[in-house]
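Quick notes on the structure that follows.
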Amino acid sequence: MSPSRLPSRRPSQARRRQISVHPIHAAVVVLSVASVWLLLPQLRAPQPLDPGLPPPAELFAQIAEGPPRLKDHTYKRTEFGSGWGPARLPGQEACTAREAALLAQAPHSPPTPGSCERPAEIFDPYSGTTLHLEDLPRPPEADHVLPLSAAWDLGASQWSTQLRVEFANDPLNLVVTSREANQAKSDQLPSQWMPPQRHTHCWYSQRLGAVAYKYSLALPAEDLARMRASCRYFRLRDYIARLGG
Numbered sequence: 001m002s003p004s005r006l007p008s009r010r011p012s013q014a015r016r017r018q019i020s021v022h023p024i025h026a027a028v029v030v031l032s033v034a035s036v037w038l039l040l041p042q043l044r045a046p047q048p049l050d051p052g053l054p055p056p057a058e059l060f061a062q063i064a065e066g067p068p069r070l071k072d073h074t075y076k077r078t079e080f081g082s083g084w085g086p087a088r089l090p091g092q093e094a095c096t097a098r099e100a101a102l103l104a105q106a107p108h109s110p111p112t113p114g115s116c117e118r119p120a121e122i123f124d125p126y127s128g129t130t131l132h133l134e135d136l137p138r139p140p141e142a143d144h145v146l147p148l149s150a151a152w153d154l155g156a157s158q159w160s161t162q163l164r165v166e167f168a169n170d171p172l173n174l175v176v177t178s179r180e181a182n183q184a185k186s187d188q189l190p191s192q193w194m195p196p197q198r199h200t201h202c203w204y205s206q207r208l209g210a211v212a213y214k215y216s217l218a219l220p221a222e223d224l225a226r227m228r229a230s231c232r233y234f235r236l237r238d239y240i241a242r243l244g245g
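Going by UniProt numbering, the sequence shown opens with residue 1, and the numbers climb by one from there.
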């Protein structure tokens with residue numbers, strides 16, 4: 001309920017009565033205040049923004065809830081195309097989808113329009129840090145936000161090859177991160193894995209949800225529940241902001 005829809009208080013008679021607070025009620029209030037205090041750093045933390053992503057509650061309400069994921073061992077990476085396909089972004093047609101994803105996370109535009117040259121550094125939303133590519137022991141990896149094998153299990157096995165290739169190279173479904181983070185995630189869904197940087201959990205849930213919605217994939221109930229939970233702190237943050245405004 002938004003502040004503008006809160007019920008009006010009764011007149012002054014209620015306020016003139018002596019107020020007695022039960023010890024248990026007082027303890028609940030103290031714990032609630034303490035919880036909000038502990039969450040303040042997270043509520044204030046800047047979020048990686050994707051302007052095209054709808055609000056979490058609106059988005060999650062549009063995603064179908066499916067049964068638990070059952071692993072289909074017929075999955076092969078080649079079912080989604082051999083290697084990286086061409087980028088699908090204007091001006092980057094000469095780049096691969098992976099190269100375009102790297103450029104999308106670079107803090108500076110490439111010196112030459114249409115260039116596919118690897119940037120010197122990128123922002124990694126999973127860790128919330130800047131990766132200096134020359135300093136990494138291993139090259140960064142392009143992660144499929146909604147993993148290919150998970151998509152296969154959730155219904156992509158019934159798609160055409162063309163649609164699977166589109167899914168694998170869709171910039172909405174690609175995030176470049178460190179090899180360590182990508183390997184730790186593997187093909188897990190949100191109930192089993194979230195980015196190491198807690199402040200990005202809601203954004204990650206929105207991004208994965210947007211992919212599932214775009215491709216009409218139902219998500220298991222446990223994963224949708226985890227995604228909704230990841231955004232509850234930011235709903236509280238927005239509520240506090242409205243109260244202060």
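Glycine included, each C-beta is placed from N, C-alpha and C at the ideal position.
Next on the checklist: Please list the terminal residues of the continuous alpha helix (DSSP H) segment that includes L103.
Outcome noted: A97 to A104
Checklist entry - How would you label R164, buried or exposed, when you count the other beta carbons within 10 angstroms and need 16 or more for buried? => result buried
Next on the checklist: Give me the residue from D50, P54, F60 and G52 with the minimum Cα distance to A218.
Outcome noted: Nearest of D50, P54, F60 and G52 to A218, Cα basis: F60.
Next on the checklist: Applying the 10 Å Cβ sphere with the 16-neighbour rule, what's the burial state of E99?
Outcome noted: buried
Checklist entry - Mapping DSSP to helix, strand and coil, what is D135? => result If DSSP states are grouped into helix, strand and coil, D135 belongs with the helices.
Checklist entry - Between the stretch 154 to 168 and the stretch 223 to 232, are three or more C-beta pairs nearer than 8 Å? => result no
Checklist entry - Going by alpha carbons, who is nearest to E117 out of S127, G128 and L102? => result Residue L102 is the option with its Cα nearest to E117.
Item to check | Given Q105 as reference, the closest of L53, P125 and A94 once Cα atoms are compared | outcome: P125
Next on the checklist: Let's test the definition: count the other Cβ atoms within 10 Å of the Cβ of P55 and tell me whether it reaches 16, buried, or not, exposed.
Outcome noted: exposed
Checklist entry - Can you tell me whether DSSP reads S2 as helix, strand or coil? => result For S2, the predicted structure reports a pLDDT of 41, less than 50, and the residue's modelled location is therefore unreliable. The matter cannot be settled from this model.
Next on the checklist: Please give me, in chain order, every unbroken run of the beta strand (DSSP E) with length at least 3 that falls completely inside the stretch 160 to 234.
Outcome noted: 174 to 177
Item to check | Simplified DSSP state of D143, which is helix, strand or coil | outcome: D143 sits in a strand when the DSSP states are folded into three classes.
Next on the checklist: Does the structure place the stretch 120 to 135 close enough to the stretch 199 to 212 that three or more beta carbon pairs sit under 8 Å?
Outcome noted: yes
Checklist entry - How about the stretch 77 to 95 and the stretch 180 to 192: do they share at least three Cβ pairs that are nearer than 8 Å? => result no
Next on the checklist: Within 10 Å of its beta-carbon, does D50 have 16 or more other beta-carbons around it, so buried, or fewer, so exposed?
Outcome noted: Burial call: exposed.
Next on the checklist: For H199, count the other beta carbons within 10 Å of its own beta carbon; 16 or more makes it buried, fewer makes it exposed. Which is it?
Outcome noted: Under a 10 Å Cβ-count criterion, H199 is classified as buried, with 16 or more other Cβ atoms of the shown protein chains found around its own Cβ.
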